[in-house]
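>
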Amino acid sequence: MTLTPPPVDRTAASKAAVAARRARAEVKNRISSGAARPIDVLDAAVDREHPASTLRITQFLRSIPHIGVTKTERILGELQIAPVKRLGGLGRNQRERLRDWLGEWERSSGATPRVVVLAGPTAVGKGTVSRYIREHYPDVHISVSATTRNPRPGEVEGRDYYFVDDAEFDRMIESGEMLEYATVHNSYRYGTPAAPIRRELEAAHPVLLEIDLQGARQVKAAMPEARLVFLLPPSWDELVRRLIGRGTETPEEQQRRLETAKVELAAQHEFDARVVNETVPRAAGEVVRLMGFDVPRDDAS
Ligand code: 5GP
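Letter 155 of the sequence shown, counting from 1, is numbered 155 in UniProt numbering, and no numbers are missing.
1. Decide if K262 is buried, meaning its Cβ has at least 16 other Cβ atoms within 10 Å, or exposed.
2. Decide if E286 is buried, meaning its Cβ has at least 16 other Cβ atoms within 10 Å, or exposed.
3. Can we count S176 as close to the ligand 5GP, meaning its CB is less than 6 Å from some heavy atom?
4. Where does the unbroken beta strand (DSSP E) through E180 begin, and where does it stop?
5. Should R152 be labelled buried (16 or more other beta-carbon atoms within 10 Å of its own) or exposed?
6. Work out the CA separation of H141 and R242 for me, nearest whole Å.
7. By Cβ distance below 6 Å, which residues in the same chain neighbour F169 in space, the five residues on each side in sequence not counted?
8. How about the region 40-52 and the region 84-100: do they share at least three Cβ pairs that are nearer than 8 Å?
9. Could you check if D212 is buried or exposed, using at least 16 other CB atoms within 10 Å of its CB as the buried criterion?
10. For D160, which option in D40, E135, A19, M172 has the closest C-alpha, if you only look at C-alpha atoms?
11. Per the DSSP calculation, E252 is bridged to which residue(s)?
12. So P196 is in the beta strand (DSSP E); what residue range does that whole segment cover?
13. Please report the Cβ distance between residue 321 and A222, rounded to the nearest whole angstrom; I am assuming they are in contact, meaning their Cβ atoms lie under 8 Å.
14. Going by C-alpha distance, which of S53, V275, P281, P196 is nearest V144?
15. Measure the Cβ-Cβ separation of V219 and V295 and say whether it is below 7 Å.
16. Taking only three categories from DSSP, how would you classify E264?
17. On the criterion of 16 or more Cβ atoms from any shown chain inside 10 Å, does G247 qualify as buried, or is it exposed?
18. Does at least one heavy atom of the ligand 5GP sit under 6 Å from the Cβ of K126?
19. Just to confirm, are residue 302 and P51 a CB contact at a threshold of 7 Å?
20. Is it right to say G120 is buried, meaning 16 or more other beta carbons lie within 10 angstroms of its own, or is it exposed?
21. Is the region 226-242 touching the region 267-284, taking contact as three or more C-beta pairs under 8 Å?
22. So what does S145 bridge to, in DSSP terms?
23. In whole angstroms, what is the alpha-carbon distance linking D9 and L87?
24. Check whether the Cβ of I211 lies closer than 6 Å to any heavy atom of the ligand 5GP, and answer yes or no.
25. Spatial neighbours of A13 within its chain, please: C-beta separation below 7 Å, excluding the five flanking residues on both sides.
26. Give the straight-line distance between the Cα atoms of T11 and K71, rounded to the nearest whole angstrom.
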């Protein structure tokens, strides 16, 4: 009896090859655009079903920004990995060495911002954008500030702010509990407790701080790797309209805040990125993307 091998479905096989190539190209694009962390792709490649598993190590490295042919050769030599290897086929030690190298690369290139500061002029909608992020992107850790001002209706202790008196605020400063603090609009004091931020960073979670300009500068001085994001109004008139429209301040307070806003707007070029608050979901999506999270653009429309 002769054994006849089953007929090969060439069309299906070539379709599958095309799909796999496309999926690998997608992985590379996501790395090069910053949408995916190379270290996460390496981890995902352990799963043989994942498209990254069949991605060549050379292609993987070259999709990382600023890594070209020569650098790739040098890195592979250092890590003792043959260029023909695919991500899913790395030995345990090779994977570990590559993981360590990628961790070092992330730290030195500032590829994933760990601390993102959202600042911008008064009434631009920082609070609304950060509330939207809290409600729609639960993976984002938002720092809760301490303040000496009274709670507004609907604000919750420990969620919106820690409402403290002057004595407690002084104590927090003296005991070194504040990462930064400032008197905002010449009236109340606001500060960022350092301990929760340290905890999140140790767990490798990016943290968002929604604070004023003075605070943003202090954070940058203490943590140069922090990314400062400036939220802009679509126009000055719109900013005035929003400030007056929300009706939470007296006319004198509104005037004072508009003066502060002018000074704050002039500082936008100190920032690493600018986001226009045209609509809250869009601006929120943009901020979350700047934090290194993978947010499809459609989500932010
Ligand atoms: P509001 O009283 O409207 O909640 O906030 C007033 C201003 O204080 C906003 O510009 C807000 O960004 C800022 N702010 C809130 N928390 C902090 C903080 O911890 N530090 C600093 N420097 N500013 C803060």
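We put the beta carbon where it would ideally sit given N, CA and C, even for glycine.
Put simply:
1. exposed
2. buried
3. Note on identity: in this sequence residue 176 is Gly, with Ser being the wrong assignment. No, Cβ of G176 sits at least 6 Å from all heavy atoms of the ligand 5GP.
4. 178-184
5. exposed
6. 27 Å
7. T148, R189
8. yes
9. buried
10. E135
11. The partner list for E252 (beta bridge, DSSP) is empty, contrary to what the question assumes.
12. From DSSP, P196 is part of no beta strand (DSSP E) but of the alpha helix (DSSP H) over 194-202.
13. Residue 321 is absent from the model: the chain starts at 1 and stops at 301.
14. P196
15. no
16. helix
17. exposed
18. yes
19. Within the shown structure, residues of the chain are numbered from 1 to 301, placing residue 302 beyond reach of any answer.
20. buried
21. yes
22. Y161
23. 28 Å
24. yes
25. none
26. 39 Å
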